[in-house]
Amino acid sequence: MNFLLSLMEMLRQPLNELSNEDLGEADIMLEYLKKAYFKVDWLETELEQVKEKKET
Numbered sequence: 001m002n003f004l005l006s007l008m009e010m011l012r013q014p015l016n017e018l019s020n021e022d023l024g025e026a027d028i029m030l031e032y033l034k035k036a037y038f039k040v041d042w043l044e045t046e047l048e049q050v051k052e053k054k055e056t
């Protein structure tokens with residue numbers, strides 16, 4: 001459950017405060033949650049949107 005809360009908090013941060021390392025950690029947390037059978041499709045979509053915004 002901590003992974004879920006941490007990931008949600010991370011994605012709420014301003015883009016300029018997120019590093020590529022943070023986004024890599026977010027990917028790892030998301031995979032962990034998926035393996036634990038959490039339904040996190042919505043969170044995966046959110047993470048992808050943040051990554052796209054960060055790249056531009």
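In the UniProt record's numbering, the protein residues as written are 1 to 56. For each residue, glycine too, the CB sits at the ideal point set by N, CA and C.
Exposure label - residue i; buried when at least 16 CB within 10 Å
| i | result |
| --- | --- |
| L43 | buried |
| A26 | buried |
| L5 | exposed |
For residue i, the first and last residue of its enclosing alpha helix (DSSP H)
| i | result |
| --- | --- |
| Q13 | Q13 -> no alpha helix (DSSP H), and no H or E assigned at all. |
| E48 | 41 to 55 |
| L33 | 20 to 35 |
Contact set for residue i: own chain, Cβ-Cβ below 8 Å, skip 5 residues either direction
| i | result |
| --- | --- |
| K51 | L23 |
Beta-carbon proximity list for residue i, same chain, < 6 Å, skipping 5 on both sides
| i | result |
| --- | --- |
| F3 | M29, Y32, L33 |
Contacting residues, own chain, Cβ-Cβ under 7 Å from residue i (five flanking each side not counted)
| i | result |
| --- | --- |
| K53 | L15 |
| L7 | A26, M29, L30, L43 |
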